[in-house]
Structures are given as structure tokens and as C-alpha cells.
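Notes follow once the structure below has been shown.
Take a look at the structure:
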């Protein structure tokens with residue numbers, strides 16, 4: 008069974024704080040993704056990585072950065088959290104192009 | 002621009018009844034279409050995947066159809082159960098030459114099954 012885990016289910020941070028969201032997958036998947044999900048907007052891709060130390064911007068990368076130093080771990084970083092980054096953040100991984108994406112349970116981030 | 006539109010946005014049905022969710026897309030070039038189920042507070046889980054040549058695919062009480070000519074898909078749920086209450090998301094994959102098959106997500110249909 009593929010397992011994608013995220014470091015926190017719920018997180019509350021203050022405006023201006025630096026926030027780290029961690030994602031780990033245990034199936035040796037090449038590709039990893041970070042999405043945010045907001046009511047009425049669906050899932051939107053923030054960043055993805057198709058290999059270690061590789062990253063590409065998704066549709067809404069502004070205000071975010073990522074790090075993939077090891078194959079199993081993909082981190083999303085909010086350099087200076089803002090209230091408009093309050094959202095559900097979902098991490099996903101897949102073996103490679105054309106394969107199914109497996110999602111983590113999500114992190115609900117609230118920025119006050 | 003690639004788009005995926007789902008309807009209805011929300012739906013309430015009685016336990017035991019059937020329902021059909023719709024997905025229209027304008028993604029090109031088309032690679033595949035997946036239906037995901039997302040329980041509240043959880044990540045999405047894949048129900049079915051359909052490629053260009055497939056018209057129908059079933060997974061238990063879930064049956065997905067695909068009409069590649071009209072670019073429409075539907076998800077039919079038979080004999081609904083309370084545990085079917087969730088959001089159902091249609092995701093269309095566009096084929097690209099690089100390492101990433103880019104996905105376009107629909108906004109989802111929120112289904113509530115009442116006893």
C-alpha cells in the first residue's frame with residue numbers, strides 16, 4: 008500500500024511566520040506534488056518535483072518555495088505566511104508520468 | 002485553456018437511491034480521466050481511470066463513462082450508502098512531452114446521502 012504522510016493535520020500560524028509543511032512517501036516514487044484546495048476553486052498545483060533536487064512551478068507558486076533533498080521527502084515553505092494562504096494543503100506522489108497520484112491526508116493551515 | 006467543469010456542485014439523495022455526476026472537459030491533448038472520492042478532511046482517493054479508448058469502467062457500485070467525442074464523463078453511483086457522502090472530483094490528464102502529465106482538476110461535486 009502506498010503511504011503519503013504529512014507532518015501535521017492542523018496548523019495555526021501568525022502572519023509573517025515562516026511555515027514548513029513536510030510530506031513523506033514510502034514507495035520510492037519519482038514525482039511529488041503540492042496542491043492547495045479552497046472551496047469553489049478545487050485543487051490548484053503550487054509546485055511539483057519530478058526528481059530529487061528538481062522542482063517546477065505549478066499554477067500558483069507565488070509566496071511559496073519547495074525543497075526536495077531526498078527522494079522520499081518534499082517540503083513546502085511559506086517564507087512569510089499571509090492570511091490568504093489559509094487553506095487545505097495536499098501533498099501527492101506518483102511513480103512517474105502516466106501513473107496514478109496518491110494523496111496525503113492534507114494539512115489544514117490557518118494563518119491569523 | 003484546459004478546463005474541467007463538474008455538475009452539480011452539490012447533491013442530496015436518500016440512501017439506496019442512484020445518482021449520476023457529470024464532468025465536461027476541454028483538456029487537450031487528452032491522456033486520461035480519473036474520478037476521485039474525497040472524504041471530509043482527507044486526501045482524494047482514486048476510484049477509476051479511463052483512457053481514450055475506454056467507454057465504461059466499473060468499480061463496485063461506481064460506474065464511470067467516457068465520451069471522448071463530446072469530452073464528457075459521468076460517474077454513476079448505484080444503491081447509494083451513507084459512506085458515499087463525500088466530494089467527487091474529476092481529474093483530466095493532458096499528455097505532454099516532458100516528465101509531467103499535467104492534471105486539470107474539476108471543482109468537485111459534494112454528495113450527501115441521507116438515511
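Chains as they are written, first to last, in the numbering used here: chain L, 8 to 119; chain Z, 2 to 116.
Ideal Cβ placement from N, Cα and C applies to all residues, glycine included.
Item to check | Contacts that residue 97 of chain L makes with chain Z (C-beta to C-beta distance below 7 Å) | outcome: 44
Checklist entry - How big is the Cα-Cα spacing for residue 10 of chain L and residue 16 of chain Z? => result 31 Å
Checklist entry - Start and end of the beta strand (DSSP E) containing residue 10 of chain Z? => result Unbroken run through residue 10 of chain Z: none, as it is neither H nor E.
Item to check | Cross-strand partners of residue 118 of chain L (DSSP beta bridge) | outcome: L:20
Checklist entry - Do residue 60 of chain Z and residue 76 of chain Z come within 7 Å of each other at the CB atom, strictly closer than that value? => result no
Next on the checklist: To test your reading of the DSSP string, which unbroken beta strand (DSSP E) runs of 3 or more residues are found completely within the region 49-110 of chain L?
Outcome noted: 49-56, 71-77, 80-85 and 94-101
Item to check | Interface flag, residue 86 of chain L vs chain Z, CB-CB below 7 Å | outcome: no
Item to check | Sequence-distant residues of the same chain with beta carbon closer than 8 Å to residue 57 of chain Z, five excluded per side | outcome: 64, 65, 66 and 67
Checklist entry - Going along chain L in order, which residues have a C-beta closer than 7 Å to the C-beta of residue 106 of chain Z? => result 49 and 50
Checklist entry - Hey, out of L:100, L:20 and L:13, whose CA is closest to residue 88 of chain L's CA? => result L:20
Item to check | Burial state of residue 99 of chain L, where buried means 16 or more other Cβ atoms lie within 10 Å | outcome: buried
Item to check | residue 49 of chain L versus residue 27 of chain L - alpha carbon distance | outcome: 22 Å
Checklist entry - In chain order, which alpha helix (DSSP H) runs of at least 4 residues are fully inside the region 42-98 of chain Z? => result none
Checklist entry - Per DSSP, residue 11 of chain L forms a beta bridge with which residues? => result L:32
Checklist entry - Since residue 5 of chain Z sits in a beta bridge, which residues does DSSP pair it with? => result Z:26
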